[in-house]
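**Q**
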């Protein structure tokens with residue numbers, strides 16, 4: 054009866070909530086932090102989670118094909134931009150379309166039934182496939198920097214510096230949320246045209262887009278990624294057809310010990326990260342493109358100490374941080390400091406600096422902007438599990454890890470890539486009271502300089518500018534036959 058009700062609700066396009074899944078036998082997709090978190094939430098609501106559906110992953114509870122599945126009532130897809138493509142792939146692998154539901158929100162938990170593509174969409178897809186085959190015949194000659202929706206700082210800084218020297222290269226942003234650079238190209242057909250003309254393709258993300266994954270087998274792909282990880286990453290090792298030209302990072306140790314197990318590439322290059330150049334330069338030398346201006350930073354500081362807080366995005370949707378803003382304001386006045394918080398673009402979609410209500414020492418930096426030119430002048434960085442902690446080692450200034458939810462975070466994210474002792478190079482706090490206490494100590498004296506030096510040496514951190522050597526390498530690739 055429960056199964057029939059599920060199918061009837063799907064046919065009627067009736068949305069479902071958490072309570073509707075009590076006692077139901079479910080599969081969750083995909084096998085990533087968002088999927089794992091959704092599985093935990095549904096188990097807490099009384100559902101029976103049979104496993105995870107993902108045709109690219111392996112694991113004791115991972116199901117690649119419907120033939121491997123147990124009898125189930127529904128398959129639920131976690132919130133993402135690729136739910137339609139994930140659902141299409143599951144149908145191709147034998148899962149029943151009428152039993153597939155897409156999660157629309159986590160708080161509250163809400164689901165909509167998957168709707169198969171219409172005849173018009175199928176015709177459009179056929180036309181795109183035909184165009185792709187025709188464009189495949191054209192010569193590949195161009196250097197293309199590629200992003201989807203959001204151009205992150207590594208990619209954008211590298212392109213901005215490269216574009217100053219040569220104009221015959223391209224920043225292509227598919228489904229762009231905004232203008233990240235005046236030379237940006239985001240027209241859908243121009244995006245397709247340039248991607249298929251790329252000889253060298255530079256990116257800092259992974260993608261399930263079929264066109265992109267086809268093109269990356271034809272171009273020399275240089276992966277810049279987001280930074281050195283504390284948390285484990287799936288990378289691209291589960292894509293059988295992928296072997297990128299190069300993977301770039303800021304650590305030869307990570308390139309030898311960690312990244313080959315996550316990303317497949319012919320070469321692992323310790324050029325450093327383009328965004329880190331700002332941490333090594335004087336303020337007037339930094340790339341201020343897509344960053345709030347130097348004059349605004351100088352006006353904000355006006356001789357005060359600068360604290361920058363950069364928390365990691367939580368896949369479980371729990372992105373409210375345990376901070377008493379009024380108490381923090383009092384602390385900052387006493388310390389003669391200002392506090393700038395930079396969160397994920399999803400959480401800070403505005404384009405200017407926002408002051409916390411009733412707090413003239415606390416500000417929120419726009420999430421889609423590059424904060425590294427400001428971070429370079431920070432007296433103290435506060436973070437948790439973010440790769441920025443490694444980057445900030447180049448500044449040789451105190452780092453405070455505010456890990457108020459480490460147990461829950463570990464449940465959602467799974468195993469960490471390295472030991473906690475090799476990640477934390479400063480003070481730690483798990484409560485707001487501890488945070489205030491450790492901030493005061495860190496602003497008073499530098500207690501962990503020796504630990505930071507030890508980690509810089511262990512990881513062989515690159516302390517020279519990235520963009521010049523990266524640009525030279527890309528142009529050499531372009532000239533190769």
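Residue numbers (my numbering): 54 to 534. All C-beta atoms in this analysis are idealised placements derived from N, C-alpha and C, irrespective of residue type, glycine included. Keep in mind the model is a prediction, meaning the values are calculated, not measured.
1. State the start and end residues of the unbroken alpha helix (DSSP H) segment that holds residue 297.
2. Alpha carbon to alpha carbon, how far is residue 104 from residue 90? Give it in angstroms, no decimals.
3. Verify whether the separation of the beta carbon atoms of residue 362 and residue 393 is less than 9 Å.
4. Assuming residue 367 and residue 398 make a contact with CB atoms under 8 Å, what is their CB distance in whole Å?
5. Please classify residue 107: is it buried, with 16 or more other beta-carbons within 10 angstroms of its beta-carbon, or exposed?
6. Can you give me the Cβ contacts of residue 143 inside the same chain, cut-off strictly under 7 Å, excluding the 5 residues immediately before and after it?
7. Taking the continuous beta strand (DSSP E) assigned at residue 104, which residues delimit it?
8. Looking at the secondary structure, which residues open and close the alpha helix (DSSP H) in which residue 462 lies?
9. Between residue 87 and the rest of its own chain, which residues show a CB-CB distance below 7 Å, the 5 nearest in sequence each way excluded?
10. Between 506, 284, 530, which lies nearest to residue 459 when the distance is taken from Cα to Cα?
11. Exposed or buried, which one is residue 278 when buried takes at least 16 other CB atoms within 10 Å?
12. Helix, strand or coil: which one does DSSP assign to residue 514?
13. If you reduce the DSSP assignment to three classes, tell me which class residue 206 lands in.
14. Does DSSP put residue 534 in a helix, in a strand, or in coil?
15. Alpha carbon to alpha carbon, what distance is there between residue 120 and residue 64?
16. Mapping the DSSP letters down to three states, classify residue 242 as helix, strand or coil.
17. Can you find the residues in the same chain that come closer than 6 Å, C-beta to C-beta, to residue 255, ignoring five residues on each side of it along the sequence?
18. Since residue 496 contacts residue 388 with CB under 8 Å, what's their CB separation in whole angstroms?
19. DSSP puts residue 165 in a beta bridge; with which residues?
20. Report yes if the CB atom of residue 401 is closer than 9 Å to the CB atom of residue 418, and no otherwise.
21. Can we count residue 160 as close to the ligand FMN, meaning its CB is less than 8 Å from some heavy atom?
22. Can you tell which of 468, 453, 511, 465 has its C-alpha closest to the C-alpha of residue 494?
23. In the DSSP output, which residue or residues are listed as bridge partners for residue 130?
24. Leaving out the 5 sequence neighbours to the left and right, which residues in its chain are closer than 7 Å to residue 464 when beta-carbon positions are compared?
25. By the three-class DSSP mapping on this structure, what secondary structure does residue 490 have?
26. Hey, residue 512 and residue 304 are a contact pair by Cβ (cut 8 Å); roughly how many whole angstroms apart?
27. Taking all protein chains shown into account, decide if residue 166 is buried (16 or more other Cβ within 10 angstroms of its Cβ) or exposed.
28. I think residue 272 touches residue 299, with their Cβ atoms under 8 Å apart; what is that distance to the nearest whole Å?
29. Looking at the unbroken beta strand (DSSP E) that takes in residue 276, where does it start and where does it end?
30. With DSSP as the reference, label residue 305 as helix, strand or coil.
31. In its own chain, which residues sit with a C-beta less than 6 Å from the C-beta of residue 225, not counting the 5 before and 5 after it?
32. Return the Cβ separation of residue 250 and residue 194 in integer angstroms, given the expectation that the two are a contact with Cβ distance under 8 Å.
33. Can you tell me where the beta strand (DSSP E) with residue 360 in it begins and where it stops?
34. For residue 406 and residue 345, which I take to be in contact (beta-carbon distance under 8 Å), what is that distance rounded to the nearest angstrom?
35. May I ask which residues mark the beginning and end of the alpha helix (DSSP H) holding residue 379?
36. According to DSSP, is residue 287 helix, strand or coil?
**A** To lay it out plainly:
1. Counting from 1 along the chain shown, the entry for residue 297 is found at position 244. Careful: residue 297 lies outside any alpha helix (DSSP H), inside the beta strand (DSSP E) at 297 to 301.
2. Start at 1 with the first residue of the chain shown, and residue 90 comes out as number 37. Start at 1 with the first residue of the chain shown, and residue 104 comes out as number 51. Looking at the two C-alpha atoms, the distance is approximately 13 Å.
3. Translated into the one-based positions of the chain shown, residue 362 becomes position 309. Translated into the one-based positions of the chain shown, residue 393 becomes position 340. Yes, the Cβ-Cβ distance between residue 362 and residue 393 is below 9 Å.
4. Here residue 367 refers to the residue found at position 314 of the chain shown. Here residue 398 refers to the residue found at position 345 of the chain shown. Incorrect: roughly 14 Å between the Cβ atoms, too far for contact.
5. Taking the chain shown and counting its residues from 1, one reaches residue 107 at position 54. Counting Cβ neighbours within 10 Å, residue 107 comes out buried, since at least 16 surround it.
6. Locating residue 143 in the chain shown gives position 90, counting from the first residue. Here the set comprises 82, 106, 128, 153.
7. Stepping through the chain shown from its first residue, residue 104 is reached at position 51. It spans 101 to 106 - the beta strand (DSSP E) in which residue 104 sits, taken as one unbroken run.
8. Reading the chain shown from its first residue, position 409 is the one you call residue 462. Per DSSP, residue 462 belongs to the alpha helix (DSSP H) from 459 to 466.
9. One-based indexing of the chain shown puts residue 87 at position 34. Taken in chain order, the residues that qualify are 131, 132, 133, 368.
10. As a position in the chain shown, residue 459 is number 406, starting the count at 1. Among 506, 284, 530, the Cα nearest to that of residue 459 is on 284.
11. Within the chain shown, numbered from 1, the residue matching residue 278 stands at position 225. So residue 278 counts as buried.
12. If you number the chain shown from 1, residue 514 lands on position 461. Residue state, collapsed to three classes: strand.
13. Position 153 of the chain shown, counted from the start, is the residue given in the question as residue 206. DSSP places residue 206 in helix when its eight states are reduced to three.
14. Taking the chain shown and counting its residues from 1, the one referred to as residue 534 is at position 481. In this structure, residue 534 counts as coil in the three-state DSSP scheme.
15. The count along the chain shown starts at 1 and reaches residue 64 at position 11. The count along the chain shown starts at 1 and reaches residue 120 at position 67. At residue 64 the pLDDT is 46, less than 50, meaning the model places this residue with poor confidence and gives no usable figure here.
16. For the purposes of this step, residue 242 is taken as the residue at position 189 of the chain shown. The answer is helix: DSSP assigns residue 242 an H, G or I state.
17. By 1-based counting over the chain shown, the position of residue 255 is 202. Around residue 255: 198, 275.
18. The residue given as residue 496 occupies position 443 in the chain shown. The residue given as residue 388 occupies position 335 in the chain shown. Contact flag correct, Cβ pair sits at about 6 Å.
19. Indexing the chain shown from 1 puts residue 165 at position 112. Answer is 155.
20. Start at 1 with the first residue of the chain shown, and residue 401 comes out as number 348. Start at 1 with the first residue of the chain shown, and residue 418 comes out as number 365. Against a cut-off of 9 Å, the Cβ pair of residue 418 and residue 401 comes out as a contact.
21. Here there are no bound small molecules, and the ligand FMN is not part of this structure.
22. Within the chain shown, numbered from 1, the residue matching residue 494 stands at position 441. Minimum Cα distance to residue 494 is reached at 453.
23. As a working note, residue 130 is residue 77 in the chain shown. Beta-bridge pairing links residue 130 to 82, 155.
24. In the chain shown, counting from the first residue as 1, residue 464 sits at position 411. Cβ neighbours of residue 464 beyond the five flanking positions: 93.
25. The sequence position of residue 490 within the chain shown is 437, counting from 1. Helix at residue 490.
26. Here residue 512 refers to the residue found at position 459 when the chain shown is read from its first residue. Here residue 304 refers to the residue found at position 251 when the chain shown is read from its first residue. That belief holds up - the Cβ atoms of residue 512 and residue 304 are roughly 4 Å apart, short of 8 Å.
27. Taking the chain shown and counting its residues from 1, one reaches residue 166 at position 113. Buried: at least 16 other Cβ atoms inside 10 Å.
28. Indexing the chain shown from 1 puts residue 272 at position 219. Indexing the chain shown from 1 puts residue 299 at position 246. Not really, about 12 Å apart at Cβ, beyond 8 Å.
29. Mapped onto the chain shown, residue 276 falls at position 223. Run containing residue 276: 273 to 276, per the beta strand (DSSP E) assignment.
30. One-based indexing of the chain shown puts residue 305 at position 252. Helix at residue 305.
31. Residue mapping note: residue 225 aligns to position 172 of the chain shown, counting from 1. Taken in chain order, the residues that qualify are 197, 199, 238, 244, 247.
32. By 1-based counting over the chain shown, the position of residue 250 is 197. By 1-based counting over the chain shown, the position of residue 194 is 141. Confirmed, about 7 Å.
33. If you number the chain shown from 1, residue 360 lands on position 307. Here the beta strand (DSSP E) through residue 360 covers 358 to 363.
34. On the chain shown, position 353 is the one that residue 406 refers to. On the chain shown, position 292 is the one that residue 345 refers to. Their Cβ separation, rounded to whole angstroms, is 6 Å, which keeps residue 406 and residue 345 in contact under 8 Å.
35. Position 326 of the chain shown, counting from 1, holds the residue named residue 379. Residue 379 -> alpha helix (DSSP H) spans 378 to 388.
36. As a first step, residue 287 must be located in the chain shown, where it is residue number 234. Coil at residue 287, not helix or strand.
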